[in-house]
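In what follows, a structure is listed as structure tokens, so that the remarks can point back to it.
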Amino acid sequence: MSDELDFLIEKYLKERYEFNVLRFAELEKLRLDFIKKYPVAKIRNMSLDEYTPVTQASYTFSSRLRWDLQHLGTMGNAYPDVFGIYEKDSQIKLSKTYENIFGKDYSSAFERIKEDIVAVLEAADADDFEAIEKSRLNSLFKNKLLMVYYPDKVIPVCVKNTLDAYCEAVGFIPPKNMPFIFKNRALKEYKDQSETFSEWSNSQFMGFCDWIWRQNKKVTLKKAIPQQDAEKAIKLEKEIEDLHVTGEDKEAVVKVRVNQGVFRDKLLHRYHKCCLCNVNLNGLLVASHIKPWAVSTPEERLDINNGFIFCPTHDKLFDKGYISFDDNGKILISEEMDQINQTFCNINSDMSIDVNDKQKGYLEYHRKMFGY
Ligand SMILES: [Zn+2]
């Protein structure tokens, strides 16, 4: 079975990987363009004309989700009513769900739909998947919103049957009747814990699932052995020791070497941009340890949860302890950083970062180290 998996990965890499890299890069451009045009903060102000219709020729919120971004987690043959409100024969129509609540009053229904969209996106930001599951927005629409606004949090799949097919193709058996969003998250977790795929983006993994499924094959992913990273860390430490540098010089060498290797690659797959701002030029992004290399165990040194991706400024601020984060990811700012420095280093007390449970332990160390 596992030889079969290696063979199929090899085959996928040869036949499809590069093609998908280009395809996902195109989609990523469309996605970024979309969220720039419709940031969460502006959704409530959207006019009905900006929202609908859903025709391919129009250039609206619904239409761009349906057509421009159709290859990012396809919605199948979704009818326009998944968007809650739509135009048909020059008439405004409401989906059944909203009509049952609002009758024919589409203008108050439209306000409510926008509220619901914002609520789903805010829930996603807070990792409150229960709230997303409960939202009355159409599930195809909900799932689409998640992968467009939070591509790092979900595998880009909208349709229930497709998700089930992908789970089966890669040997993931979810509990019976698991709600869609939790199943999606569980598949992502299965991917993140696997050898090979833990370093792939959610899109590229979806591409692999789709490819396996279309070939009518079934595989089981191998669990990653954290040991491998530990061995890499030991080897790297040995190489650095051989350079006979100490103190700050050694820290600098570690920074450079770590940023040439697997640690940065893994983090880039997870984050794509600075965790605090929108700097996303590959050449500027830096992998930043939470718990420093010098005091980490071999297992911790290349652990993806022991790091963030930052732009050079935010990396320096974090490295030197001018900023840290609490367990909810809210930024903590050193008293030394006065208003002028905060402004010009692009930080403010409203900033926060997504933090998972495994990162919390490392962050605690960081806070203690710098007296927060
Ligand atoms: Zn930044």
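Using my numbering, you'd call the opening residue of the sequence shown number 22 and step up by one each time. All residues carry an ideal CB built from backbone N, CA and C; glycine is no exception. All values reported here derive from a predicted model rather than from experimental measurement.
Between 198, 243, 289 and 48, which has its C-alpha nearest residue 168's C-alpha? One-based indexing of the sequence shown puts residue 168 at position 147. Ranking the options by Cα distance to residue 168, first place goes to 48.
Does the beta-carbon of residue 126 have 16 or more other beta-carbons within 10 angstroms, so that it is buried, or is it exposed? As a first step, residue 126 is located in the sequence shown; it is residue number 105 there, counting from the start. It counts as exposed.
DSSP on residue 357, reduced to helix/strand/coil? For this step, residue 357 is matched to residue 336 along the sequence shown. Here residue 357 sits in coil by DSSP.
Which residues bound the beta strand (DSSP E) around residue 225? Here residue 225 refers to the residue found at position 204 of the sequence shown. Unbroken run through residue 225 is the alpha helix (DSSP H), 223-235; no beta strand (DSSP E).
Count Cβ pairs between the stretch 62-77 and the stretch 107-116 that sit closer than 8 Å; are there 3 or more? Touching, per the Cβ criterion.
Based on the DSSP output, what are the partners of residue 112 in its beta bridges? Sequence index remark: in the sequence shown, residue 112 carries index 91 (1-based). Paired residues: 109.
Report the option in 141, 361, 119 and 61 whose CA atom is closest to the CA atom of residue 131. Your numbering for residue 131 matches position 110 in the sequence shown. Checking every option, the nearest Cα to that of residue 131 belongs to 119.
Answer yes or no: do residue 386 and residue 353 have a C-beta to C-beta separation smaller than 8 Å? In the sequence shown, counting from the first residue as 1, residue 386 sits at position 365. In the sequence shown, counting from the first residue as 1, residue 353 sits at position 332. In this structure, residue 353 does not lie closer than 8 Å to residue 386 by Cβ.
Kindly indicate the opening and closing residues of the alpha helix (DSSP H) around residue 290. Translated into the one-based positions of the sequence shown, residue 290 becomes position 269. Run containing residue 290: 283-292, per the alpha helix (DSSP H) assignment.
When burial is assigned at 16 or more other CB atoms within 10 Å of the CB, is residue 22 buried or exposed? Position 1 of the sequence shown, counting from 1, holds the residue named residue 22. In this predicted model, residue 22 has a pLDDT of only 47, less than 50, meaning its place in the structure is not dependable; the value taken from the coordinates is given anyway. Burial call: exposed.
Quick one: grab the DSSP three-state call for residue 325. Position 304 of the sequence shown holds residue 325. If DSSP states are grouped into helix, strand and coil, residue 325 belongs with the helices.
Helix, strand or coil for residue 373 per DSSP? Here residue 373 is taken as the residue at index 352 of the sequence shown, counted from 1. It is a strand residue.
Can you give me the Cβ contacts of residue 99 inside the same chain, cut-off strictly under 6 Å, excluding the 5 residues immediately before and after it? For this step, residue 99 is matched to residue 78 along the sequence shown. Once the five neighbours on either side are set aside, the close Cβ partners of residue 99 are 161.
Just to check, is the beta-carbon of residue 366 closer than 7 Å to a non-hydrogen atom of ligand 1? Reading the sequence shown from its first residue, position 345 is the one you call residue 366. Outside the cutoff, so no.
DSSP-derived helix/strand/coil call for residue 390: Taking the first residue of the sequence shown as 1, we reach residue 390 at position 369. Residue 390: helix per DSSP, three-state reduction.
Using a threshold of 7 Å, is the CB atom of residue 5 nearer than that to any non-hydrogen atom of ligand 1? The requested residue 5 is not part of the displayed model; the chain covers only 22 to 393.
Are the stretch 270-285 and the stretch 314-327 touching, with three or more C-beta to C-beta distances below 8 Å? yes
Just checking residue 295 against ligand 1 - is the residue's beta carbon closer than 7 Å to any of the ligand's heavy atoms? As a first step, residue 295 is located in the sequence shown; it is residue number 274 there, counting from the start. Yes; taking the cut-off as 7 Å, the Cβ of residue 295 has a heavy atom of ligand 1 nearer than that.
Counting along the chain, where does the alpha helix (DSSP H) carrying residue 62 start and finish? Counting from 1 along the sequence shown, the entry for residue 62 is found at position 41. Element bounds for residue 62: 61-64.
Thinking just about the alpha-carbon of each residue, which of 175, 240, 144 and 346 is nearest to the one in residue 221? The sequence position of residue 221 within the sequence shown is 200, counting from 1. The shortest Cα separation from residue 221 among 175, 240, 144 and 346 belongs to 175.
Could you have a look at residue 368 and say whether DSSP puts it in helix, strand or coil? Working through the sequence shown from its first residue, we reach residue 368 at position 347. Note: residue 368 maps to coil in three-state DSSP.
Look at the alpha carbon of residue 179 and the alpha carbon of residue 86, and state the distance between them as a whole number of angstroms. For the purposes of this step, residue 179 is taken as residue 158 along the sequence shown, with counting starting at 1. For the purposes of this step, residue 86 is taken as residue 65 along the sequence shown, with counting starting at 1. Cα to Cα, residue 179 sits roughly 12 Å from residue 86.
For residue 180, write down the residues that DSSP places opposite it in a beta bridge. Walking along the sequence shown from the start, residue 180 turns up at place 159. In the DSSP output, where bridge partners are listed per residue, residue 180 has none listed.
Any non-hydrogen atom of ligand 1 closer than 7 Å to residue 332 Cβ: Start at 1 with the first residue of the sequence shown, and residue 332 comes out as number 311. Annotation for residue 332 indicates a beta carbon within 7 Å of some heavy atom of ligand 1.
Quick one: grab the DSSP three-state call for residue 307. Within the sequence shown, residue 307 is the residue found at index 286, counting from 1. Here residue 307 sits in strand by DSSP.
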